[in-house]
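Each step along the sequence shown adds one to the number in UniProt numbering, with nothing skipped, and position 116 is 116.
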Amino acid sequence: MQSSDLIKLRHSSASVSPLAPVRRVFFLVPGTTDRYRCGGLSVALHTARLVNRLMPTDLVTYRTRQDDYLFLDDLLQQEPAPGETLWVVSWGFEVPKLLRRLRGRHVIYHAHSSGYGFDLPSGVPVFAVSRNTLGYWGDRAPRNPLFLVPNALEPHWLERGARLGAAVAEAGDRSIDVLVQERKSSRYVLGQLVPALRKLGLKVVVQSGWVEDLVALFNASKVYIYDSAEYWRSNGLSEGFGLPPLEAMACGCVVFSSFNHALADTLEPSVVGHQIGCGSLAWDVRRICESVREPAAWRPTQERLNQLLSEHTETALMSRWRSALAAIETMPSDEVPLRRSPTLVLRFNRKVGRILRLLRRLISRR
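What follows is the structure in structure tokens.
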């Protein structure tokens, strides 16, 4: 998202769909400057803009005070708990600290990645952006309200992507054989695969840094490689939603990818995408060269791709948020929420149960 697109989330009430009781929604981010630029920030900005069509919504910073946005410290002083505001937190390692500051208020955890190691207070709803993240919290917080709200592709990917059957004509001159984005790429891809492909004469572009028009870059590429498993494993975290392969497919690229975490939500091996870094280097090279020569044979069918992209439109995202917000409005705020049983207690009870069953068998034999 370009800096000029940073949303000003104060719309007139006439543009807000009714939801009783109508609350104000605050999306918390540390800041919106270049220092914080990442996929998580882009998703927060995009989602907040869409939720603003359902309920009055503002972006709130909590690390950097910025003239264009509200600041968390000021808001906490102005509105005593519990208040009527719905607070949305999402920023990884900072979620526990934010939840402590927002104790007693209405809070949603917008769960992107998993693996941060913290537990959630009872009753805090989880809005998971992928089935992988949903499953993680379904195990770790089974008594918390859980909802699936996959991220949406921004409209320019769907409107300008040069895929077969799109409103725009398919790109006739794809001058880039293979596109790799340096960030999150594995050492294998950058250190072995890219040199091997270049040695065979393929034009391989390794993109790094800021690109003004990513859609144009993807439209000019035949094959897109995304191998993030090593990156996330080294950080002890997960691929939260995996939009880049979807963006590439929206632009008509053949996708070779890892299938870790949320990537498995959308990529089916050899059907929607193709696994990278498996078997051998030679096998990867052969398959990529074949896909460069005949990309149509390696892309998903138009029907399958259209179905996949339709599940990640802004309309689909808004529908899921509308449903989830309506559901949490029915949750009683004056009743004690169910709590999960601690893992140590569960394991202790299991061992005690085994011992008791063994004792009963011994007694019955006498």
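Backbone N, C-alpha and C define an ideal beta-carbon position, used for all residues, glycine too. Here the structure is a predicted model, which is why all the values come from computation and not from measurement.
Inset, instruction - Within the same chain, show all residues whose beta-carbon is closer than 6 Å to that of residue 452, passing over the 5 residues directly before and after it, in chain order. - result: A question about residue 452 goes unanswered here, because the residues of the chain that appear run from 1 up to 366.
Legend entry - Straight-line gap, A220 to H110 (C-alpha atoms, nearest Å): 34 Å
Inset, instruction - Identify every run of the beta strand (DSSP E) within the region 183-242, keeping only runs that are complete inside it and at least 3 residues long; order them along the chain. - result: 204-207 and 221-226
Inset, instruction - Out of D58, F147 and V178, state which residue places its alpha-carbon closest to the alpha-carbon of H112. - result: F147
Legend entry - Bridge partners - A128, DSSP secondary structure assignment: A111 and L148
Legend entry - G273 in three-state terms, based on DSSP: strand
Inset, instruction - Report yes if the C-beta of Q78 is less than 7 Å from at least one heavy atom of the ligand COA; otherwise report no. - result: Among the ligands in the structure shown, none appear at all, so the ligand COA cannot be discussed.
Legend entry - Cβ distance (whole Å) where L214 is taken to contact L179 below 8 Å: No, L214 and L179 are not in contact; Cβ-Cβ is about 10 Å, not under 8 Å.
Legend entry - Nonlocal neighbours in the same chain, by C-beta distance under 7 Å from L281, ignoring five residues either side: Q192, L193 and A196
Inset, instruction - Compute the beta-carbon to beta-carbon distance between V345 and P295, rounded to the nearest angstrom, for a pair I have assumed lies under 8 Å. - result: At roughly 55 Å, the Cβ-Cβ gap does not stay under 8 Å, so V345 and P295 are not in contact.
Inset, instruction - From the DSSP output, read off the bridge partner residues of D284. - result: DSSP, once it has assigned bridges, lists no residue as partnering D284.
Legend entry - Residues near M331 by beta carbon distance below 7 Å, same chain, minus five either side: P145
Legend entry - Contacts around N132, its chain only, beta-carbon distance under 6 Å, and the 5 residues preceding and following it disregarded: H261 and A262
Inset, instruction - Going by CA-CA distance only, name the one from L59, T315, D284 and L72 that's closest to I225. - result: D284
Legend entry - Nearest residue (CA-CA) to A152, options R174, V129 and G161: V129
Legend entry - Through-space distance from G273 to T47, alpha-carbon basis: 26 Å
Legend entry - Close-in-space but distant-in-sequence residues of the same chain around P244 (CB under 7 Å, 5 per side omitted): Q181 and Y226
Legend entry - Where the beta strand (DSSP E) through R24 begins and ends: R24 to V29
Legend entry - Top-ranked residue by Cα proximity to Q302, from V211, R37, M249 and S114: M249
Legend entry - 6 Å Cβ shell around V22 - same chain, five flanking residues per side excluded: Because the pLDDT at V22 is just 49, under 50, the model does not fix this residue reliably, and the point stays unresolved.
Legend entry - Sequence-distant residues of its chain with Cβ nearer than 7 Å to I288 (five each side left out): V178, L197, V223 and F256
Inset, instruction - Tell me whether the beta-carbon of H106 lies closer than 8 Å to the beta-carbon of P121. - result: no
Legend entry - Exposed unless 16 or more other CB atoms sit within 10 angstroms - verdict on E268: exposed
Legend entry - Same chain, Cβ closer than 6 Å to P337, five either side skipped, listed in chain order: S122 and G123
Inset, instruction - Quick one: using the 10 Å Cβ neighbour count with 16 as the cut-off for buried, is S270 buried or exposed? - result: exposed
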